[in-house]
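Count along the sequence shown from 1, add 1113, and you get the number used in this note's numbering. Note that the Cβ used here is the ideal one computed from N, Cα and C, for glycine as well. One structure is given below, encoded as structure tokens.
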Amino acid sequence: MKKLSALCFLVLFLAACGGEKSLSPEGEDMQRAENVTIFESKDSQKKWILHADEVDFADLNSAVLHHPHLLLSENGQPGAEVTGRKGSFNYTTKIVSIEGNAHVRSFTERTDLSTDRFFYDVDKDRIWSDKKTVVTRANTQVVARGGIETDSKLRVIEFKKQITHLPQTMTELQEVTK
């Protein structure tokens, strides 16, 4: 399975570099590519798809991502997405970091997480943050001052140093249950 993931990544890397055009300022020794997609499949279904508008492959240990979009799937269906302004993908640890107005949106749980930076561990299928994170569902917000940890489906979220903001009126509370 690991060989399949590595092979998929290598093929996508070579394809991206083959269509590469010079995006680097003159004098800089960088390798950049536009519209790069990296993914992992299991049982003929994509588990996750990482897309970035632009990727810098100059570092041998990780790729720098510009406007990354990580789509996490469950049974072939989109389950959640992680977006931000920039990020990185570490080849060795297989950890994706996405930062800069970072958001995790669960399609199945209708939950939104926002913070400065999220991490996704490909092998463990875990998402976490290490900074203040706001979790929003309907009109209820929970603030985890120390970050969160969850699975990619956002079914179980562990809050670190939490603060809860409940609806203030009975009408708001009833809207949450609809």
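Check                                                                                                                 : Outcome
K1244 and T1228 closer than 8 angstroms at C-beta                                                                     : yes
Short Cβ contact (8 angstroms threshold) for N1214 with G1197                                                         : yes
Same chain, Cβ closer than 8 angstroms to K1273, five either side skipped, listed in chain order                      : A1257, R1258, G1259, G1260, I1261 and E1262
Sequence-distant residues of the same chain with beta carbon closer than 8 angstroms to E1187, five excluded per side : T1221, S1265 and K1266
Run of the beta strand (DSSP E) containing P1191, from where it starts to where it stops                              : Q1190 to T1196
C-alpha distance - T1206 paired with V1235, whole-angstrom precision                                                  : 9 angstroms
Helix, strand or coil at A1222 [DSSP, three-state]                                                                    : According to the sequence shown, residue 1222 is Glu rather than Ala. It is coil, neither helix nor strand.
CA-to-CA distance, H1179 to H1278, given in whole angstroms                                                           : 33 angstroms
Simplified DSSP state of T1253, which is helix, strand or coil                                                        : strand
Collapsed DSSP secondary structure at S1135 in the structure displayed                                                : At S1135, the pLDDT of 43 sits below 50, so the modelled position is not reliable; the number obtained from the coordinates is stated separately. If DSSP states are grouped into helix, strand and coil, S1135 belongs with coil.
Extent of the continuous beta strand (DSSP E) to which P1280 belongs                                                  : Taken as a continuous stretch (DSSP letters only), P1280 belongs to no beta strand (DSSP E), as it is neither H nor E.
Nearest residue (CA-CA) to N1148, options I1162, K1155, S1157 and Q1158                                               : I1162
Pair within 8 angstroms by beta-carbon distance, Y1080 and V1269                                                      : In the structure as shown, the chain begins at 1114 and stops at 1291. Residue 1080 is therefore absent and cannot be evaluated.
Per DSSP, the bridge partner or partners of T1199                                                                     : Checking the sequence shown, residue 1199 turns out to be Lys, not Thr. Bridge partners of K1199: H1179 and E1212.
Straight-line gap, F1231 to E1167 (C-alpha atoms, nearest Å)                                                          : 19 angstroms
Buried or exposed by the 16-neighbour rule on C-beta atoms within 10 Å, applied to G1192                              : buried
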